[in-house]
Amino acid sequence: MPENTPPAELYRHGLQLLLDKNIPAWVDLWAEDGILEFPFAPQGWPGRLEGKDAIAAYMCHYPDHIDLHDFPDVRIHQTTAPKTIVVEMRGMGRLVETCAPFDMTYIAVVTAQDGRFTSYRDYWNPLAVQEPGVDFAGSTR
C-alpha cells in the first residue's frame, strides 16, 4: 500500500485479504517491527507478537482452521491521533475441522504509519477458542 494510505483504508484492505485467505499479502501490510497484541488471550495463547516474522508464523495456518466468509458489521472510528483507529467488527464463517459456525465480535485499536500496521491490539472473545478446531495458535509453539 502507498505510504500515505489512511489507516482505515489499510484496515479494510486487510479484511479483504483475510477473506481471500491471502495471509502472505496480509502479513505484507505490517511494518517489520510491528506489534500484534491480544490483551484477553487465554493461557497457552500468545499475548504479544513482536515483528513481522512472528506475526507471519502466528497467522500462516489461520485459513486451515477458520474459514472466514464475511465481515458484515465493520465500524471504523477515527481517534484524535490521526494514525490510530478503533474498529468494531464481526467476523463470520466456519471452523474447518468441525464445520461449526464461527461468529466473533472484535474491537481493535490499530495504528498505521507509512502504509503499514505498526500496532494492533485485538480484543477478541477468549471463550470462543474453547471450541474444537479453533486452536490455530498451537501451530506456533
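Heads up, the working numbering is the position in the sequence shown plus 1092, with the first residue counted as 1.
Glycine included, each C-beta is placed from N, C-alpha and C at the ideal position.
Note that the coordinates shown come from a computational prediction; the quantities given were computed from them, not determined experimentally.
Residue i, enclosing alpha helix (DSSP H) - first and last residue
i	result
G1106	P1099 to L1111
Simplified DSSP state of residue i, which is helix, strand or coil
i	result
T1232	Note that T1232 has pLDDT 41, beneath the 50 cutoff, so the model's placement of it is unreliable and the number below is only indicative. Helix.
L1121	coil
M1151	helix
P1193	strand
A1146	helix
D1206	coil
L1095	At residue 1095 the sequence reads Glu, which differs from the Leu that was named. Three-state DSSP puts E1095 in coil, outside helix and strand.
G1139	coil
Which residues DSSP lists as bridging residue i, in chain order
i	result
I1168	V1179
W1216	Y1198
G1185	L1160 and F1194
I1115	Per DSSP, none; premise fails for I1115.
The segment 1175-1188 / the segment 1126-1146 touching (three or more Cβ pairs under 8 Å): no
Cβ pair count under 8 Å reaching 3, the segment 1121-1135 against the segment 1204-1223: yes
Contact between the segment 1157-1165 and the segment 1180-1188 (3+ Cβ pairs under 8 Å): yes
contact_flag[the segment 1109-1123, the segment 1190-1198] where n(CB pairs < 8 Å) is 3 or more: no
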